[in-house]
Amino acid sequence: MHIDVPSAWPADEAAALALQDRLRPLADHRGPGPAHPRLVAGLDVAYAGDGRATGDLVAAAVVVIDTATLEVVERATATATSTFPYIPGLFAYRELPVLVEALRALRTTPELLLCDGHGLAHPRRFGLACHLGVLTGLPTAGVAKTPFVGTFDPAALGGSRGSSADLVDAGETVGRVLRTQDGVKPVYVSTGHLVDLPTACAQVLALAPAYRLPETTRQADRLSRDALAAAAGRVTAADTVEG
DNA sequence: GCGACAG
DNA sequence: ATCTTGTCGC
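If you're matching positions, the first sequence starts at 1 in full-length UniProt numbering and goes up one per residue.
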């Protein structure tokens, strides 16, 4: 799919923060967004080495899943060397470059992008899912495995699949804590762009009929690890041959 | 000031 | 994120 590549990514923390503030108004959290998408994409990035520093080998993966069958209908990967360190709140700058590269290799255009991480549930209300949505112009939502900002009432969250509770930060509902499997730790869903929270949660739930994480996340995670291993293998092989 | 901190 | 042994429960 076509994506306009940013002329330059922020080089330091100050520039990264400034860009988030500039782009935040462009994220549209109104809905409803795709209620019955046929193609939903999952994205993830795997790291070699430390995982937090600049210079790590990284591999991004995008999988497009057919919601009717939950089968992967297209895959794309990209590898690179990280150019931004891991900083909570600026996580997007570490993953976006290589994720966008993988997305551009996609032949089909997904109706919804599910990211590994948060969207609105972010200190400055502009997490990875929001940023990716603004860049692509596609509906996006974030599905995170652990909370970042906000709190919720444990008593309001039921123990069965489908139950949920509002994730509130500074008096604002920034996401939803969603139980995707009975008695299993919940996931944290927040909107990114062009979709509302109820719709995003419905899609996540539909994509997670048997496991805690939606198939999009599971398949993207698997593919990113495979791509990383393949890339690391190529480097090792080249080093061996060339001395 | 101190601790916490998506992946 | 990644590195990893053992352990609890169905």
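Just so it is clear, CB atoms sit at the ideal spot from N, CA and C, and this is done for glycine as well.
To the nearest angstrom, how far is it from the Cα of Asp221 to the Cα of Ala232?
17 Å
C-alpha distance - Ile3 paired with Ala105, whole-angstrom precision:
10 Å
Integer-rounded CB distance, given that Ala121 should sit under 8 Å from Phe148:
6 Å
Between the C-alpha atoms of Gly243 and Ala78, what's the straight-line distance to the nearest angstrom?
For Gly243, the predicted model reports a pLDDT of 44, less than 50, meaning its position is unreliable and no value from the coordinates is stated.
Between which two residues does the alpha helix (DSSP H) containing Thr199 stretch?
From DSSP, the alpha helix (DSSP H) with Thr199 extends over 197-206.
Cβ-based neighbour list, Gln181, same chain, cut-off 6 Å, excluding 5 preceding and 5 following:
Arg161, Arg212
Enumerated in chain order, which unbroken segments of the alpha helix (DSSP H) with a length of 4 residues or greater are wholly contained in the segment 7-71?
13-23
Classify Glu71: buried if its beta carbon has 16 or more other beta carbons within 10 angstroms, exposed otherwise.
exposed
When the distance is taken between beta carbons, is Val168 closer than 8 Å to Thr151?
yes
For His118, three-class secondary structure by DSSP
Coil at His118, not helix or strand.
Using a Cβ-Cβ cutoff of less than 8 Å, which residues in the same chain neighbour Gly159 once the five nearest sequence positions on both sides are dropped?
Around Gly159, the same chain offers Arg179, Asp182, Gly183 as residues with beta carbons nearer than 8 Å, after the five sequence neighbours per side are excluded.
Can you tell me whether Asp50 is buried or exposed, with buried defined as 16 or more other CB within 10 angstroms of its CB?
exposed
Could you say which of Gly89, Pro25, Val45, Asp44 lies nearest to Ala14 if we only look at CA atoms?
Gly89
Who pairs with Val5 in a beta bridge, going by DSSP?
Answer is none; Val5 lacks a bridge partner.
Determine the burial state of Gly192: buried for a count of at least 16 other Cβ atoms within 10 Å of its Cβ, exposed for fewer.
buried
According to DSSP, simplified to helix, strand and coil, what is Ser163?
In the structure shown, Ser163 sits in coil (DSSP, three-state: anything other than H, G, I, E or B).
For Ala231, which three-state DSSP category applies?
helix
Helix, strand or coil for Thr109? Go by DSSP, reduced to three states.
coil
Chain-order list of residues whose beta-carbon lies under 8 Å from that of His7 (same chain, five-residue window excluded)
Looking at the sequence itself, residue 7 is Ser, so the reference to His does not match. For Ser7, where only same-chain residues beyond five positions count, there are no Cβ hits under 8 Å.
With a cut-off of 8 Å on the beta carbons, I'd call residue 257 and Leu57 a contact; round off their distance for me.
Limits of the chain in this structure are 1 at one end and 243 at the other, which puts residue 257 out of reach.
Is the Cβ-Cβ distance between Val189 and Gly175 less than 8 Å?
Using a Cβ distance threshold of 8 Å, Val189 and Gly175 count as a contacting pair.
Given that a residue counts as buried once 16 or more other Cβ atoms are within 10 Å of its Cβ, and exposed if not, what is Thr109?
Around the beta carbon of Thr109, fewer than 16 other beta carbons lie within 10 angstroms, which makes this residue exposed.
Who are the Cβ neighbours of Arg24 in its own chain at under 8 Å, not counting the five residues just before and after it?
Arg124, Arg125, Phe126, Cys130
Between the alpha carbons of Tyr93 and Ser82, how many angstroms are there, rounded?
C-alpha of Tyr93 to C-alpha of Ser82: approximately 9 Å in a straight line.
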